[in-house]
Amino acid sequence: MCISELTTARVPFPLSPPPAMPSESSPQPEPTSPQSRSPSPSPRDTLTLRALVSTKDAGVIIGKAGKNVADLREQTGVKAGVTKVIPGVHERVLTVTGPVDSVAKAYTLIISQLVAASSSSPVTSSPSTIHTAIRLLISHNLMGTIIGRNGLKIKAIQDGSGARMVASKDMLPQSTERIVEVQGSPEAIGRAIEEIGKCLLEDWERGLGTVLFHPAGDDRSSGNRRSGPPYSLSGLSASRRSNGDGTRGRQSPPGSPSPQSPTSAQPAANLRTQNISIPSDMVGCIIGRSGTKITEIRRLSGSKISIAKAPHDETGERMFTIIGTPEANEKALFLLYNQLESEKERRVGREQQQAELED
Numbered sequence: 336m337c338i339s340e341l342t343t344a345r346v347p348f349p350l351s352p353p354p355a356m357p358s359e360s361s362p363q364p365e366p367t368s369p370q371s372r373s374p375s376p377s378p379r380d381t382l383t384l385r386a387l388v389s390t391k392d393a394g395v396i397i398g399k400a401g402k403n404v405a406d407l408r409e410q411t412g413v414k415a416g417v418t419k420v421i422p423g424v425h426e427r428v429l430t431v432t433g434p435v436d437s438v439a440k441a442y443t444l445i446i447s448q449l450v451a452a453s454s455s456s457p458v459t460s461s462p463s464t465i466h467t468a469i470r471l472l473i474s475h476n477l478m479g480t481i482i483g484r485n486g487l488k489i490k491a492i493q494d495g496s497g498a499r500m501v502a503s504k505d506m507l508p509q510s511t512e513r514i515v516e517v518q519g520s521p522e523a524i525g526r527a528i529e530e531i532g533k534c535l536l537e538d539w540e541r542g543l544g545t546v547l548f549h550p551a552g553d554d555r556s557s558g559n560r561r562s563g564p565p566y567s568l569s570g571l572s573a574s575r576r577s578n579g580d581g582t583r584g585r586q587s588p589p590g591s592p593s594p595q596s597p598t599s600a601q602p603a604a605n606l607r608t609q610n611i612s613i614p615s616d617m618v619g620c621i622i623g624r625s626g627t628k629i630t631e632i633r634r635l636s637g638s639k640i641s642i643a644k645a646p647h648d649e650t651g652e653r654m655f656t657i658i659g660t661p662e663a664n665e666k667a668l669f670l671l672y673n674q675l676e677s678e679k680e681r682r683v684g685r686e687q688q689q690a691e692l693e694d
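To convert, note that position 307 of the sequence shown is 642 in the working numbering; the numbers rise steadily by one, no gaps.
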């Protein structure tokens, strides 16, 4: 068996996003060319940074006939786009790709533009006194890189930029991305984003295998579960220049993924290995009684899935190893995360019932 890639992800308690998705006035950017891997990024290394924005803000970012986003590209040299409108969904994903300093400049301009367009913001306020925020989408695996040992890195970024950073504890539904809200003036947020981008490029390999978040259905960024949304898996064929982003996985139709032939029938050269860490107290819900659930996930996805018998470190998490084609592994991840979401929802419901009984 030939295993071409090895990627690792931690699963909750969850930037290697793809190029910007097309909007009605925003063409899809051309893919960036690969670059040799180096231990530390140069100023010209390409970063792709995504953010969650409201549909209203997305309209401001794009502008009439795409004028604003076109001006942004011309001023900064970045590639930028916003995902298409989905009926019933009030959030869209903004994607900006370019050198770190250009991405930071682009976000500064975008945030300034949103502040200027907001009727609640006094026009007379100076830029340094305006307080706003942007919700960045960051791979769960890269959170440690931004936070640093004992929180020293995030403290340094906050002290140096003047911005405040708040990281969500949970991964977004059906993904391994978390929200990092950066608060402050547009200039302070821009300085923070530049430092965040440097961190992401320095540790880009940790972003491999990120399952990207896509707003869909009645889903909200608060982490409510959604059933059968589109999803993407990135990082299976990564390049240095795209900061751990590989070709996007094919989107799954709503509902359960369709069965796929076993990995033994697939060409060995196309196989990938993906490791994910799952809290020990959640392993039982994935295995199921007498192994019924994990057997079903293996059958539906076509991937080979093995589970470590003991936790691999002091976190108490168990390692799941998934081997299969990129498509099979994507289906396996979808099914595993769906099972985790179901279990979390079940536990929350049980706690609520107990609380009501006690009242």
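All residues carry an ideal CB built from backbone N, CA and C; glycine is no exception.
Quick check on residue i: does DSSP put it in helix, strand or coil?
| i | result |
| --- | --- |
| residue 503 | coil |
| residue 419 | coil |
| residue 619 | helix |
| residue 587 | Bear in mind that a pLDDT of 36 at residue 587, under 50, signals an unreliable position, so the number given afterwards is only what the model happens to contain. Coil at residue 587, not helix or strand. |
| residue 474 | strand |
| residue 663 | helix |
| residue 644 | coil |
| residue 370 | Confidence at residue 370 is low in this model, with a pLDDT of 37, below 50, so its placement is unreliable and the value that follows should be read with caution. If DSSP states are grouped into helix, strand and coil, residue 370 belongs with coil. |
| residue 396 | helix |
| residue 365 | With a pLDDT of 40 at residue 365, under the threshold of 50, the modelled position of this residue cannot be trusted, and the question is left open. |
| residue 638 | coil |
| residue 465 | coil |
| residue 683 | helix |
| residue 651 | coil |
| residue 453 | coil |
| residue 483 | coil |
| residue 495 | helix |
Give the single residue among the options whose Cα lies nearest to the Cα of residue i.
| i | options | result |
| --- | --- | --- |
| residue 537 | 498, 652 and 481 | 481 |
| residue 545 | 672, 396 and 410 | 672 |
| residue 411 | 438, 665 and 465 | 438 |
| residue 644 | 622, 432 and 434 | 622 |
| residue 519 | 386, 612, 676 and 501 | 501 |
| residue 499 | 508, 505, 382 and 524 | 524 |
| residue 532 | 687, 386 and 507 | 386 |
| residue 612 | 660, 390, 634 and 675 | 675 |
| residue 395 | 416, 422 and 452 | 452 |
| residue 418 | 550, 384, 527 and 610 | 550 |
| residue 496 | 471, 688, 651 and 522 | 522 |
| residue 527 | 436, 681 and 690 | 436 |
| residue 654 | 493, 608 and 408 | 608 |
| residue 442 | 423, 388, 491 and 633 | 388 |
| residue 547 | 446, 627, 428 and 539 | 428 |
| residue 390 | 384, 543 and 422 | 422 |
| residue 416 | 447, 384, 633 and 440 | 384 |
How big is the Cα-Cα spacing for residue i and residue j?
| i | j | result |
| --- | --- | --- |
| residue 616 | residue 529 | 38 Å |
| residue 489 | residue 483 | 7 Å |
| residue 403 | residue 426 | 19 Å |
| residue 513 | residue 685 | 25 Å |
| residue 486 | residue 400 | 44 Å |
| residue 479 | residue 667 | 25 Å |
| residue 381 | residue 466 | 29 Å |
| residue 392 | residue 647 | 43 Å |
| residue 631 | residue 639 | 11 Å |
| residue 605 | residue 506 | 29 Å |
| residue 468 | residue 517 | 5 Å |
| residue 636 | residue 432 | 32 Å |
| residue 614 | residue 629 | 16 Å |
| residue 475 | residue 444 | 27 Å |
| residue 413 | residue 424 | 27 Å |
| residue 663 | residue 508 | 20 Å |
| residue 542 | residue 477 | 6 Å |
| residue 657 | residue 420 | 34 Å |
| residue 659 | residue 540 | 20 Å |
| residue 471 | residue 491 | 18 Å |
| residue 397 | residue 473 | 23 Å |
When we look at the beta-carbon of residue i and count the other beta-carbons within 10 Å, is it buried (16 or more) or exposed?
| i | result |
| --- | --- |
| residue 406 | exposed |
| residue 641 | exposed |
| residue 535 | buried |
| residue 619 | exposed |
| residue 625 | exposed |
| residue 504 | exposed |
| residue 661 | buried |
| residue 449 | buried |
| residue 627 | exposed |
| residue 515 | buried |
| residue 677 | exposed |
| residue 409 | exposed |
| residue 689 | exposed |
| residue 665 | buried |
| residue 510 | buried |
| residue 670 | buried |
| residue 633 | buried |
| residue 561 | Note that residue 561 scores 35 on pLDDT, short of 50, meaning its location in the model is unreliable and no value can be drawn from it. |
| residue 691 | exposed |
Would a check of beta-carbon distances place residue i closer than 7 Å to chain C?
| i | result |
| --- | --- |
| residue 501 | No chain C is part of this structure, which consists of one protein chain only. |
Every unbroken alpha helix (DSSP H) inside the segment 497 to 553 [4 residues or more]: 521 to 537
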